[in-house]
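Visitor:
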Amino acid sequence: MSNAGKVLIIGAGEFADIAYEYFSHDSEYDVVGFAVEAEFLDVSEKFGLPVIALEDAPARFDPATVSAHVAITSTKLNQVRERLVGVAREMGYRLANYVSSKAFVWRTASLGENVFIFEHNVVQHGVTIGDGVVLWSGNHIGHQSHIEEFCFLSSHVVVSGYCRIGRRSFIGVNTCLADHVEIGSDSFVAIGSAVNKSFPEAGLLLTGHFAEASRVSSYRYCKVKP
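Residue 1063 is where the sequence shown starts when you use our numbering, and the numbers rise one by one after that.
In structure tokens, the structure reads:
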């Protein structure tokens, strides 16, 4: 048994399969099984491990000796992951994080619980990552930015410095945020969007990436002579 101990994966879909692979081969945790809500229980085994009803989990896997990780994607704008984290906490489980050995997380960054950080993420100085956040592969989280609870950032998202992304927001692949941008809670930022100003209202769908020549030249903007 590894130093970190045992972890129960809550979920049995594709993300749970990925979580099993990553926890098993790139963490100090040993996966002991999977749990799903009883109404979704349709298999009894996965990777040679038991799949059980979540309602029965404390009796099968003692929260005093087993941690849990809720491996659910952005289903229903991240609300399912948030709810199941709450269920796991009510059952007494400590929530485990996974941080890839190939990710860069600076020492002054702060991580919540049930965080999953894939390979090639860069998390810079002073960043705060809330509970239940998923950072898929290859994102850049700039210094002093705050990713609130249960956000899901797809691959190759660039979050510049001093940004704030509101709770449960989804950020699509190849999105970029300028410095000091605030995104409200429950936002959905579509693939390839360029966000150069704040949208603090909750529940917005943000989309678009438009480039056009400004009346201000690059020389003037950068305060240099041609």
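Every residue gets a Cβ at the ideal spot worked out from N, C-alpha and C, and that includes glycine.
If you draw a straight line from the C-alpha of D1092 to the C-alpha of G1067, how long is it?
Guide: The residue given as residue 1092 occupies position 30 in the sequence shown. The residue given as residue 1067 occupies position 5 in the sequence shown. C-alpha separation (whole angstroms): 6 Å.
Visitor: Taking just the CA atoms, how far does S1276 sit from D1193?
Guide: Working through the sequence shown from its first residue, we reach residue 1193 at position 131. Working through the sequence shown from its first residue, we reach residue 1276 at position 214. In a straight line, the C-alpha of D1193 is about 40 Å away from that of S1276.
Visitor: Using the three-state DSSP reduction, which class does P1112 fall into: helix, strand or coil?
Guide: Translated into positions along the sequence shown, residue 1112 becomes position 50. Of the three classes helix, strand and coil, the one that applies to P1112 here is strand, per DSSP.
Visitor: Taking the DSSP output, what are the residues bridged to S1129?
Guide: Taking the sequence shown and counting its residues from 1, the one referred to as residue 1129 is at position 67. DSSP lists V1069 as partners of S1129.
Visitor: Where does A1150 sit, in a helix, a strand or coil, going by DSSP?
Guide: Counted from its first residue, the sequence shown places residue 1150 at position 88. The answer is helix: DSSP assigns A1150 an H, G or I state.
Visitor: What separation, rounded to the nearest whole angstrom, lies between the Cα atoms of V1090 and E1083?
Guide: The sequence position of residue 1090 within the sequence shown is 28, counting from 1. The sequence position of residue 1083 within the sequence shown is 21, counting from 1. Reading the sequence as shown, one finds Glu at residue 1090 and not Val. Those two C-alpha atoms are separated by around 12 Å.
Visitor: Kindly indicate which three-state DSSP category V1224 falls into: helix, strand or coil?
Guide: For the purposes of this step, residue 1224 is identified with residue 162 of the sequence shown, where counting begins at 1. Rather than Val, the amino acid found at residue 1224 in this sequence is Tyr. The answer is coil: DSSP assigns Y1224 none of H, G, I, E or B.
Visitor: Where does the unbroken alpha helix (DSSP H) through D1079 begin, and where does it stop?
Guide: Translated into the one-based positions of the sequence shown, residue 1079 becomes position 17. Segment E1076 to H1087, the alpha helix (DSSP H) holding D1079.
Visitor: Do the segment 1232 to 1248 and the segment 1262 to 1272 make contact, defined as three or more Cβ pairs closer than 8 Å?
Guide: The answer is yes - the segment 1262 to 1272 touches the segment 1232 to 1248, with three or more Cβ pairs under 8 Å.
Visitor: Once DSSP output is grouped into helix, strand and coil, what is the label at E1144?
Guide: If you number the sequence shown from 1, residue 1144 lands on position 82. Of the three classes helix, strand and coil, the one that applies to E1144 here is helix, per DSSP.
Visitor: Hey, could you find the ends of the alpha helix (DSSP H) A1171 is sitting in?
Guide: Locating residue 1171 in the sequence shown gives position 109, where the first residue counts as 1. Element bounds for A1171: n/a, residue is neither H nor E.
Visitor: Under 7 Å Cβ to Cβ from M1063, same chain only, skipping five residues before and after it: list those, please.
Guide: Taking the sequence shown and counting its residues from 1, the one referred to as residue 1063 is at position 1. With a pLDDT of 42 at M1063, under the threshold of 50, the modelled position of that residue is not reliable, and the figure given next carries that caveat. Result list for M1063: D1092, in chain order.
Visitor: How far does the beta strand (DSSP E) with A1097 in it extend, from its first residue to its last?
Guide: Position 35 of the sequence shown, counted from the first residue, corresponds to residue 1097. Residues Y1091 to V1098.
Visitor: Between which two residues does the alpha helix (DSSP H) containing R1122 stretch?
Guide: Taking the first residue of the sequence shown as 1, we reach residue 1122 at position 60. Looking at the DSSP string, the run of the alpha helix (DSSP H) that includes R1122 is A1119 to R1122.
Visitor: Taking the alpha-carbon of I1219 as reference, which of T1190, H1182 and H1187 has the nearest alpha-carbon?
Guide: Against the sequence shown, residue 1219 aligns to sequence position 157. Checking the sequence shown, residue 1219 turns out to be Val, not Ile. When each option's Cα is compared against that of V1219, the closest is H1182.
Visitor: Please classify F1102: does DSSP put it in a helix, a strand, or coil?
Guide: Numbered from its first residue, the sequence shown carries residue 1102 at position 40. Helix, per DSSP.
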